[in-house]
């Protein structure tokens with residue numbers, strides 16, 4: 001549970017060093033043509049822009065990592081194996097929340113859609 005946001009989140013269960021892989025999760029590719037249908041479901045808050053042709057619904061703990069403009073991790077894609085890989089970009093202490101920038105680039109300050117940062121809205 002995210003202490004800062006009061007919702008689900010990924011907490012480090014031990015000290016994680018910078019550049020260490022934190023989690024690897026499978027992706028279910030969804031054709032971008034199906035996006036209008038996906039946006040009508042709860043899943044739309046859990047998918048990633050994956051490629052020009054597909055977006056991906058991510059399984060596992062990768063789907064509960066929260067956004068921060070001051071991330072301690074980043075995500076990368078393994079397109080061949082349809083995986084998302086989360087790795088630390090700084091040291092993460094035990095019980096610290098693992099967060100990444102939803103804009104993909106850790107230093108991006110681009111604003112996100114309100115729906116993605118209004119964390120508790122979809123729990124109502």
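Numbering (full-length UniProt numbering), first residue to last: 1 to 124.
The beta-carbon is built from N, C-alpha and C at its ideal position, and this holds for glycine as well.
Within 8 Å, strictly: CB atoms of residue i and residue j
i          : j           : result
residue 87 : residue 21  : yes
residue 73 : residue 98  : yes
residue 77 : residue 46  : no
residue 89 : residue 106 : yes
residue 69 : residue 109 : yes
Assigned exposure category for residue i - 16 Cβ within 10 Å defines buried
i           : result
residue 37  : exposed
residue 123 : Caution is warranted here: a pLDDT of 45 is assigned to residue 123, below 50, making its placement in the model unreliable, and the coordinate value is therefore given only provisionally. Exposed, because fewer than 16 other Cβ atoms sit within 10 Å of the Cβ of residue 123.
residue 71  : buried
residue 100 : buried
Close beta carbons around residue i, own chain, < 7 Å, minus the five adjacent residues each side
i           : result
residue 24  : 83, 85
residue 125 : With the chain covering only 1 through 124, there is no way to say anything about residue 125.
residue 12  : 92, 93, 94, 95, 96, 98
Cβ separation of residue i and residue j, assumed to be a contact under 8 Å, to the nearest whole Å
i          : j           : result
residue 94 : residue 8   : Rounded, the Cβ-Cβ distance is 19 Å, inconsistent with contact.
residue 55 : residue 102 : Incorrect: roughly 13 Å between the Cβ atoms, too far for contact.
residue 58 : residue 48  : 6 Å
Residue i: CB within 7 Å of a non-hydrogen atom of the ligand SAH
i          : result
residue 38 : Ligands are entirely absent from the displayed structure, and the ligand SAH is therefore not among its contents.
Contact set for residue i: own chain, Cβ-Cβ below 6 Å, skip 5 residues either direction
i           : result
residue 60  : 25
residue 112 : 102
residue 75  : 84, 86, 100
residue 126 : Outside the displayed span of the chain (1 to 124) sits residue 126, for which this structure offers no information.
Cβ-based neighbour list, residue i, same chain, cut-off 8 Å, excluding 5 preceding and 5 following
i         : result
residue 3 : 97
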